[in-house]
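Residue numbers (my numbering): 32 to 259. Each residue gets a CB set at the ideal place from its N, CA and C atoms; glycine is no exception. A quick write-up on the structure given underneath.
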């Protein structure tokens with residue numbers, strides 16, 4: 032049987048063309064969302080971000096842009112898509128996850144199977160935000176890596192999850208956890224895995240998101256801004 036090389040070549044060319052076109056459209060629509068706040072074809076953008084993630088990052092680098100842009104788009108699109116379900120979720124069954132890099136270098140908290148156990152020593156912002164979250168029913172975790180988050184979700188079966196992390200970790204975690212429950216994310220203002228910073232006011236707003244508090248309110252932009 033003769034192998035139809037011409038047909039295979041055409042199919043391959045079609046497949047490559049589809050990837051390039053889908054990536055460009057996803058990137059352009061994502062930029063419109065970040066720059067203008069206009070959401071167009073959200074599920075298509077999400078498909079592009081999830082399925083063509085590494086190709087998109089290479090494309091962004093080729094265009095002379097920062098590859099973090101892809102993660103920013105992924106975070107913002109998921110915040111928009113899942114916000115309504117997050118708002119309707121039971122606050123008493125939500126979880127809030129912080130990265131360990133947000134804590135003080137002198138943090139006395141011990142590491143356990145489900146993350147770092149905050150002692151509320153006052154050396155960093157986590158203790159204050161933890162108190163706010165727990166007052167509304169959240170379970171709060173501080174984790175050294177993304178693998179802990181999936182373990183926590185499988186243990187707690189939360190109604191929704193709010194995460195704080197650097198762009199790459201947050202985008203990846205939101206992609207995984209959205210298969211289990213609605214997600215919202217706040218990217219760090221300053222990353223680098225040491226002495227990082229977050230918009231405390233924005234995290235507080237997200238903690239208290241509920242049907243009554245958000246009714247009629249616009250979605251606040253959560254994309255990453257430069258640290259001071």
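For residue 140, I'd like the list of residues in its chain whose CB is within less than 6 angstroms of its CB, leaving aside the five on either flank, ordered along the chain. What you label residue 140 is simply residue 109 of the chain shown in a count that begins at 1. Excluding sequence neighbours, residue 140 sits near 147, 148, 149 and 150.
Buried/exposed call for residue 227, threshold 16 Cβ in 10 Å: Translated into the one-based positions of the chain shown, residue 227 becomes position 196. Looking at its Cβ environment, which holds 16 or more other Cβ atoms inside 10 Å, residue 227 is buried.
List the residues that DSSP assigns as beta-bridge partners of residue 223. To locate residue 223, count along the chain shown from 1; it is residue 192. DSSP, once it has assigned bridges, lists no residue as partnering residue 223.
Distance between residue 76 and residue 225 (C-alpha atoms, nearest Å): Your numbering for residue 225 matches position 194 in the chain shown. Your numbering for residue 76 matches position 45 in the chain shown. Going from the Cα of residue 225 to the Cα of residue 76 covers about 32 angstroms.
Euclidean distance between Cα positions of residue 218 and residue 155: Taking the first residue of the chain shown as 1, we reach residue 218 at position 187. Taking the first residue of the chain shown as 1, we reach residue 155 at position 124. Approximately 17 angstroms between the Cα atoms of the pair.
Could you check what DSSP says for residue 50 in three-state terms: helix, strand or coil? Counting from 1 along the chain shown, the entry for residue 50 is found at position 19. Residue 50: helix per DSSP, three-state reduction.
Keeping to the same chain, check which residues put their C-beta closer than 6 angstroms to that of residue 258; ignore five residues upstream and five downstream. For the purposes of this step, residue 258 is taken as the residue at position 227 of the chain shown. Interpretation of residue 258 is limited by its pLDDT of 46, a score under 50 that renders its predicted location unreliable; no figure is taken from the coordinates.
So, for residue 196: in the same chain, excluding its five sequence neighbours on each side, which residues have a beta-carbon less than 6 angstroms away from its beta-carbon? Here residue 196 refers to the residue found at position 165 when the chain shown is read from its first residue. Contacts found: 130.
Over what stretch of residues does the beta strand (DSSP E) that includes residue 68 continue unbroken? By one-based count along the chain shown, residue 68 stands at place 37. Here residue 68 belongs to no beta strand (DSSP E), and DSSP marks it neither H nor E.
Quickly, what does DSSP pair residue 125 with across the bridge? List them, please. The count along the chain shown starts at 1 and reaches residue 125 at position 94. DSSP output for residue 125 lists 191 as bridge partner(s).
Which two residues bound the contiguous beta strand (DSSP E) that contains residue 214? For the purposes of this step, residue 214 is identified with residue 183 of the chain shown, where counting begins at 1. Per DSSP, residue 214 belongs to the beta strand (DSSP E) from 214–218.
By DSSP's criteria, residue 153 is part of a beta bridge. Which residues make up the other side? If you number the chain shown from 1, residue 153 lands on position 122. DSSP lists no partner for residue 153.
According to DSSP, which residues form a beta bridge with residue 196? Numbered from its first residue, the chain shown carries residue 196 at position 165. According to DSSP, residue 196 bridges with 218.
Inter-stretch contact (C-beta, 8 angstroms, three-pair minimum) for the segment 99–107 and the segment 196–214: yes
Taking just the CA atoms, how far does residue 83 sit from residue 57? Within the chain shown, numbered from 1, the residue matching residue 57 stands at position 26. Within the chain shown, numbered from 1, the residue matching residue 83 stands at position 52. Their backbone Cα atoms lie some 9 angstroms apart in a straight line.
Thinking C-alpha only, which one of 233, 187 and 230 is nearest residue 211? In the chain shown, the residue the question calls residue 211 occupies position 180. Minimum Cα distance to residue 211 is reached at 187.
Quick check: the Cα distance between residue 71 and residue 78, rounded to an integer number of angstroms? In the chain shown, counting from the first residue as 1, residue 71 sits at position 40. In the chain shown, counting from the first residue as 1, residue 78 sits at position 47. Going from the Cα of residue 71 to the Cα of residue 78 covers about 13 angstroms.
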